[in-house]
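**Student:** In this text, residue positions in the sequence shown follow this note's numbering: the first is 54, and each later residue adds one. Can you keep this structure in mind? I'll have questions shortly.
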Amino acid sequence: MTSVTRLLLIFIVAFCAIQILPAQEMVTVKRGTYIPLYGNDSVPKVVEEFQIDVSPVTYSDYQKFLLENPAWQKKNIKGLFADDAYLTRWGEEATYAKDMNSDSPVTYVSWFAAKKYCECQNKRLPTTDEWEYVAMANEDEIDARKLESYNAEILSWYETSNTELNVVKRNPQNYWGVYDLHGLVWEWTQDFNSVLISGESRRDVNSDANLFCGGAAVGATDLMNYAAFMRYAFRGSIKARYSMKNLGFRCAKDATTLP
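Below, the structure is given as structure tokens:
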């Protein structure tokens, strides 16, 4: 085989690989305002228009990422970017356990790895405000947080075990056309611990995230929103290199970067 033929075959294989890796479907979330759980309740926060993945990143999605970016495979990942639990349900290469469904949300992925995945898709992780803004919608209303049924349903999920084994897009879409913000896994956000801890976790050596549980109600705008309290408490208790069985992610994109 000549060197020219070899290069041609490499090009064809690379081209085919690109062709079979369609981008995750996204929806546009229009500019709006909302009252976050923490902040000045007299000043609604503006969330600018952006796009977000309709569902969490799956095992199948992440496997393609690992094949294209071997530095993020389990055997190659640097300890700075992930703890020992990273890709617990995976082998040394880019293969996940046979009993895992390819359409289930990928978990045991650190914040650093999730961030890198999104960057490789020309996207980013959603901010906490963006995530909470989209997640406050039910099937019919942009803000359903005052509905007892809405909060009760979310809390019932928090009490259910092993929901991360279910597949994506089995629950109804919300108002924006987004699936599974509640009901499957917790999700990383870009600024996951910025409410009570400033900056990225590794820099906050003098901060005690455990204080969140005792002081969570201080400054909260809705003392009855237990589901949101649990999310903020969870985010405030983790670090960027953590990898957990019920923690996944999805990507977002600025409206200004859309074609």
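Note that CB positions come from ideal geometry on N, CA and C, so glycine has one too.
Quick one: grab the DSSP three-state call for F103.
**Tutor:** It is a strand residue.
**Student:** Can you give, in chain order, each stretch of the beta strand (DSSP E) that sits fully within the stretch 101-142 and has at least 3 residues?
**Tutor:** With a minimum length of 3 residues, the continuous beta strand (DSSP E) runs that stay inside the stretch 101-142 are 103-106.
**Student:** The alpha helix (DSSP H) spanning D182 covers which residue range?
**Tutor:** Counting along the chain, the alpha helix (DSSP H) containing D182 begins and ends at 181-188.
**Student:** Any chance you could list the beta strand (DSSP E) runs of at least 3 consecutive residues sitting entirely within the stretch 185-237, in chain order?
**Tutor:** Within the stretch 185-237, no complete beta strand (DSSP E) run reaches 3 residues.
**Student:** D156 and S113: beta carbons closer than 9 Å?
**Tutor:** Contact: yes.
**Student:** For D193, does the count of other Cβ atoms within 10 angstroms reach 16, so buried, or fall short, so exposed?
**Tutor:** The residue in question, D193, is exposed, as its Cβ has fewer than 16 Cβ neighbours within 10 Å.
**Student:** Given a cut-off of 9 Å on the beta-carbon distance, is the pair V82 and G301 in contact?
**Tutor:** Contact flag unset, no.
**Student:** Per DSSP, what are the beta-bridge partners of L300 in this structure?
**Tutor:** Bridge partners of L300: W239.
**Student:** What is the DSSP secondary structure of Y295, counted as helix, strand or coil?
**Tutor:** DSSP places Y295 in coil when its eight states are reduced to three.
**Student:** Which residues share a DSSP beta bridge with D307?
**Tutor:** Answer is F103, bridged to D307.
**Student:** Starting from Y161, follow the alpha helix (DSSP H) in both directions and report where the run begins and ends.
**Tutor:** Run containing Y161: none; DSSP gives neither H nor E here.
**Student:** Is the beta carbon of R288 sitting closer than 9 Å to the one on S108?
**Tutor:** Against a cut-off of 9 Å, the Cβ pair of S108 and R288 comes out as no contact.
**Student:** Can you give me the Cβ contacts of Y211 inside the same chain, cut-off strictly under 8 Å, excluding the 5 residues immediately before and after it?
**Tutor:** Here the set comprises A280, M283.
**Student:** Identify every residue that forms a DSSP beta bridge with Y87.
**Tutor:** In the DSSP output, where bridge partners are listed per residue, Y87 has K98.
**Student:** Cβ of L218 within 9 Å of Cβ of M297?
**Tutor:** In this structure, M297 does not lie closer than 9 Å to L218 by Cβ.
**Student:** Take E183 as the anchor and find which of K292, S290, T86, T148 has the nearest alpha-carbon.
**Tutor:** Measuring from the Cα of E183, the nearest candidate turns out to be T86.
**Student:** Enumerate in chain order the residues of its own chain whose CB-to-CB distance from E253 is below 7 Å, with the five nearest sequence positions on each side excluded.
**Tutor:** Only weak support exists for where E253 lies, its pLDDT of 40 falling under 50; the value from the coordinates is given anyway. Cβ neighbours of E253 beyond the five flanking positions: A293.
**Student:** Quick check on K306: buried or exposed, where buried means 16 or more other Cβ atoms within 10 Å of its Cβ?
**Tutor:** Per the 10 Å Cβ criterion, buried.
**Student:** Alpha carbon to alpha carbon, what distance is there between N122 and T309?
**Tutor:** When rounded, the distance between both Cα atoms is 27 Å.
**Student:** Give the DSSP-derived three-state secondary structure of M153 in the structure shown.
**Tutor:** In the structure shown, M153 sits in coil (DSSP, three-state: anything other than H, G, I, E or B).
**Student:** Taking only the alpha-carbon atoms, compute the straight-line gap between E201 and L237 and give it to the nearest angstrom.
**Tutor:** E201 and L237: Cα-Cα distance of roughly 20 Å.
**Student:** So what does R177 bridge to, in DSSP terms?
**Tutor:** According to DSSP, R177 bridges with A305.
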